[in-house]
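Enquirer: Dropping a structure here in C-alpha cells format, bear with me for questions.
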DNA sequence: CTATGGCACGGATT
DNA sequence: AATCCGTGCCATAG
C-alpha cells in the first residue's frame with residue numbers, strides 16, 4: 100500500500116508525511132500486516148524482544164516506563180491515561196479453525212464475522228468452550244445462520260447438548276444479535292427478546308413470528324387479524340415493527356445500519372483498535388485508553404546493519420544504505436503515527452469523558468475540524484486517523500471511532516428517551532417542543548429523520564404498542 | 001386538517 | 001471537490 104518510499108534519499112518532510120498519513124489510516128489489523136511485510140522485505144528493520152513491566156508484566160512499547168504502574172494512586176484523576184498497548188495476542192489470527200475436525204476448511208464468505216463474534220464472547224467462556232464456539236462460528240452461512248443443527252454439533256464435537264445450547268445462547272446475544280440461530284424464526288425471536296430489554300415491543304410480534312411468519316411475508320393481514328381476533332391495524336403495526344427493527348439474517352445487520360432496515364449493506368466487522376476501560380475495572384479510577392499496537396516487541400533499525408554497511412564493499416553499500424534509509428523512515432513514521440494517535444485520543448477521551456462513561460446522551464458534538472485546530476494538525480489527518488477504526492468502551496460495546504464525532508447522536512438519544520418514557524405518544528411537532536425545552540433546537544422535519552434513523556415508528560403506529568419489560 | 005415521508009437545496013464537514 | 005446533514009416545501013395518507 101505504500102510504494103512511494105522508492106526514493107527516500109532526502110525528501111524527509113514529504114515522504115515522511117505521506118507515509119505517516121497512510122499509517123494513520125490503518126487499523127490495528129492492517130498495521131500488523133503492513134509491519135509484517137515491511138519487516139520481511141527489509142533486513143535493516145529489526146523487531147527487538149518484548150520488554151515487560153516487572154510488576155504488572157505488561158508488555159511495554161517504550162523502554163522504561165510502564166504506563167499503568169506509573170499512574171499515581173490519585174483516584175479522582177480526570178485525565179485519561181493514554182498509551183500504546185503492544186499486544187499481539189489481541190489480533191485474532193486465522194487459526195481459530197478447529198484443528199481436530201478439518202472436514203470443512205472455512206466458511207468462505209464469512210471469515211470476518213466469526214472472529215468478530217468470538218472476540219466478544221471469548222472472555223466469558225472457558226477454554227474448551229472457546230473451541231466449541233469457534234467451531235460453531237465457522238459453520239455459519241453468509242447470512243449468519245447456523246448451517247448445522249445443534250444435535251450434529253454436539254455429536255461432532257462430543258460436547259453435551261446442553262453445553263452446545265449454552266454456547267449458542269452466548270453467540271446469539273453477541274453483537275449481530277441473533278447470529279448463530281438455526282433458523283430465521285429463531286433469530287427474530289432472539290432479537291425481539293433483546294429489544295424488549297431496551298424498548299417497547301408490540302405485544303403481537305412474538306406470536307406473529309412464531310406462527311404467522313408465512314402469512315406475514317405475504318401480507319395476509321386480514322387472515323392474521325382473524326386468527327388472533329385483533330383489529331387488522333394491530334397486525335399491520337406489529338408487522339411494520341418487525342420489518343423495521345428485526346433482521347431475519349443477522350449477518351446483514353450491524354450497529355451501523357440499525358437505521359437502514361432495508362439496505363443490505365455489507366458490513367465489515369471490526370475488532371477494536373482502541374480499548375477504553377477503567378483502571379482495574381473500577382469506575383472510581385481514571386480511564387485507561389489502550390491504543391493497540393499489533394506487535395509483541397518494539398521496532399527499530401538494526402544496529403548490526405549499520406555496521407554491516409561500513410564493512411560492505413562499494414556497490415553493495417548503495418543498496419544497503421537505501422534499505423537503511425527506508426527502515427529508519429518507517430520507524431520514524433510509525434512513531435509519528437503513534438504519537439499523533441496518542442495526542443488525538445487524549446484529547447478526544449477527555450472531551451468525551453461523559454459520553455464514554457454515561458452513554459450516548461452525553462456525547463458532545465465535536466467536529467474533526469475543531470480538533471485539528473487544537474492539535475495543530477491538518478483536518479485530513481484527523482479524518483484519516485478516525486476513519487475505519489473502532490473503539491471498545493468500558494461497557495464492552497464496540498463503536499466506530501467516528502461516532503465520537505457524531506453531530507446528532509446526543510439529540511437522537513434524548514429523543515429516544517423521551518419517546519420511551521412518556522406513555523402518551525407525541526407527534527413530531529410535539530417532540531420538537533420537548534426537545535427545545537431540553538435545550539436542543541431542531542426542526543420538525545429533522546425529528547422525523549431521527550426517528551427513522553433510530554427505527555422509531557411514527558406516532559399513530561406507536562399508539563398500539565405496549566411497553567415491554 | 002394534521003402528521004409524515006419524499007425531494008431537493010444550501011451550507012457545513014471531510 | 002465530494003459528501004453529509006438539517007431543513008423547507010409539497011404531496012399524500014389518515
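Numbering (our numbering), first residue to last: 100 to 568. Just so you know, even glycine gets a beta-carbon here, dropped at the ideal spot from N, CA and C.
1) Can you give the Cα-Cα distance for residue 320 and residue 550, rounded to whole angstroms?
2) Return the first residue and the last residue of the alpha helix (DSSP H) that residue 555 is part of.
3) Please report the straight-line C-alpha distance between residue 279 and residue 230, rounded to a whole angstrom.
4) What ranges does the alpha helix (DSSP H) occupy inside the segment 423-452, keeping only unbroken runs of at least 4 residues that lie completely in it?
5) In the DSSP output, which residue or residues are listed as bridge partners for residue 151?
6) For residue 168, is the classification buried or exposed, using 16 other Cβ atoms within 10 angstroms of its Cβ as the cut-off for buried?
7) Roughly how many whole angstroms lie between the Cα atoms of residue 209 and residue 216?
8) Work out the CA separation of residue 433 and residue 339 for me, nearest whole Å.
9) Does the distance from the C-beta atom of residue 184 to that of residue 391 stay below 8 Å?
10) Tell me the DSSP secondary structure of residue 116 in three-state form.
11) Within its chain, find whatever has a CB closer than 8 Å to the CB of residue 408; leave out the 5 residues flanking it on each side and keep chain order.
12) Between residue 517 and residue 510, what straight-line distance do the alpha-carbon atoms span, to the nearest angstrom?
13) Quick one: using the 10 Å Cβ neighbour count with 16 as the cut-off for buried, is residue 200 buried or exposed?
14) Starting from residue 376, follow its DSSP beta bridges and name the residues at the other end.
15) For a minimum of 4 consecutive residues, which ranges assigned as the alpha helix (DSSP H) are wholly contained in the segment 281-349?
16) Taking only the alpha-carbon atoms, compute the straight-line gap between residue 358 and residue 119 and give it to the nearest angstrom.
17) Give the secondary structure of residue 475 by DSSP, where H, G and I count as helix, E and B as strand, and everything else as coil.
18) Give the straight-line distance between the Cα atoms of residue 334 and residue 349, rounded to the nearest whole angstrom.
19) Would you grab the beta carbon distance between residue 130 and residue 138 for me? Rounded to a whole angstrom, and I think it's under 8 Å.
20) From the DSSP output, read off the bridge partner residues of residue 145.
21) Can you tell me whether DSSP reads residue 561 as helix, strand or coil?
22) What residues in its chain sit with their C-beta under 8 Å from that of residue 448, if we drop five residues either side in the sequence?
23) To the nearest whole angstrom, what separates the beta carbons of residue 342 and residue 304, a pair I think is in contact under 8 Å?
24) To the nearest angstrom, how far is it from the Cα of residue 255 to the Cα of residue 263?
Expert: If we stick to the structure as given:
1) Rounded to whole angstroms, residue 320 to residue 550 spans 25 Å at the Cα level.
2) For residue 555, there is no enclosing alpha helix (DSSP H), as DSSP gives it neither H nor E.
3) Cα to Cα, residue 279 sits roughly 15 Å from residue 230.
4) Correct list: empty.
5) Secondary-structure assignment with DSSP links residue 151 through a beta bridge to 158.
6) The residue is exposed, with fewer than 16 neighbouring Cβ atoms inside 10 Å.
7) Because the pLDDT of residue 209 is 35, which lies under 50, any placement of that residue in the model is unreliable, and the number read from its coordinates should be weighed accordingly. In this structure, the alpha-carbon of residue 209 lies about 11 Å from that of residue 216.
8) Within the model, the alpha-carbon separation for residue 339 versus residue 433 is close to 50 Å.
9) Contact annotation: residue 184 and residue 391 have beta-carbon atoms nearer than 8 Å.
10) Note: residue 116 maps to helix in three-state DSSP.
11) For residue 408, where only same-chain residues beyond five positions count, the Cβ hits under 8 Å are 416, 419, 420 and 423.
12) Cα to Cα, the separation comes out at about 11 Å.
13) Residue placement at residue 200 is poorly supported in this model, since its pLDDT is 31, which falls under 50; the coordinates are not used for a value here.
14) For residue 376, which the question treats as bridged, DSSP gives the partners 387.
15) You should have 283-297, 304-310, 312-316, 320-327 and 331-344.
16) Because residue 358 sits at a pLDDT of 32, beneath the cut-off of 50, its placement in the model cannot be relied upon, and the point is left open.
17) In this structure, DSSP gives residue 475 a state outside helix and strand, which the three-state scheme calls coil.
18) In a straight line, the C-alpha of residue 334 is about 24 Å away from that of residue 349.
19) That pair is no contact at about 12 Å.
20) According to the DSSP secondary-structure assignment, residue 145 is paired through a beta bridge with 399.
21) Reduced to three states, the DSSP call for residue 561 is helix.
22) Only 179, 181, 375, 386, 388 and 455 meet the Cβ criterion.
23) Actually they are not in contact, since the Cβ atoms of residue 342 and residue 304 sit about 11 Å apart, beyond 8 Å.
24) Approximately 11 Å, taken between the alpha carbons.
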